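Enquirer:
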Amino acid sequence: MELDDGNISCLMNRAVAYLAIGQYVECVKDCDKAIEFESGRKLRSDSKMIAIALTRKGTALVKMEKCSKDYEPAIEIF
1 MELDDGNISC
11 LMNRAVAYLA
21 IGQYVECVKD
31 CDKAIEFESG
41 RKLRSDSKMI
51 AIALTRKGTA
61 LVKMEKCSKD
71 YEPAIEIF
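Take the sequence shown: its position 27, counted from the start at 1, is 27 in UniProt numbering, and no numbers get skipped.
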């Protein structure tokens with residue numbers, strides 16, 4: 001996906017869609033791209049987008065951790 005120079009809303013929307021369907025790794029990747037893209041910018045709205053991306057990334061990472069913990073009992077048995 002190519003990013004428009006002034007708008008990352010498509011990337012952010014895709015990240016939240018990945019989060020909603022449980023594709024957490026893809027969500028994290030899109031959030032990282034958004035954070036990288038927005039980091040060099042100085043507008044207040046850019047900081048808001050970074051905060052949203054960090055929140056979505058954090059949510060995905062927490063959900064990934066919860067999913068991996070679901071497998072721990074099975075791993076211990078085998």
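Beta carbons are placed, not taken as given, at the ideal position from N, Cα and C, and that holds for glycine.
Note that the structure is a prediction, hence the values are computed from the model and not measured.
1. For C31, count neighbouring Cβ atoms within 10 angstroms of its own Cβ and tell me buried if that reaches 16, exposed if not.
2. With a threshold of 16 other CB atoms inside 10 Å of the CB of I21, please say whether the residue is buried or exposed.
3. Output yes or no for whether 7 Å exceeds the beta carbon distance between A60 and C27.
4. What's the C-alpha gap between N13 and E76?
5. Using a threshold of 7 Å, state whether the C-beta atoms of I35 and I50 are closer than that.
Expert: Straight from the coordinates:
1. Taking the sequence shown and counting its residues from 1, the one referred to as residue 31 is at position 31. Buried.
2. What you label residue 21 is simply residue 21 of the sequence shown in a count that begins at 1. Label assigned to I21: exposed.
3. Looking up residue 60 in the sequence shown gives position 60. Looking up residue 27 in the sequence shown gives position 27. Result yes, Cβ atoms of A60 and C27 sit closer than 7 Å.
4. Start at 1 with the first residue of the sequence shown, and residue 13 comes out as number 13. Start at 1 with the first residue of the sequence shown, and residue 76 comes out as number 76. Their Cα atoms are separated by approximately 38 Å.
5. As a working mapping, residue 35 is identified with position 35 in the sequence shown. As a working mapping, residue 50 is identified with position 50 in the sequence shown. In this structure, I50 lies closer than 7 Å to I35 by Cβ.
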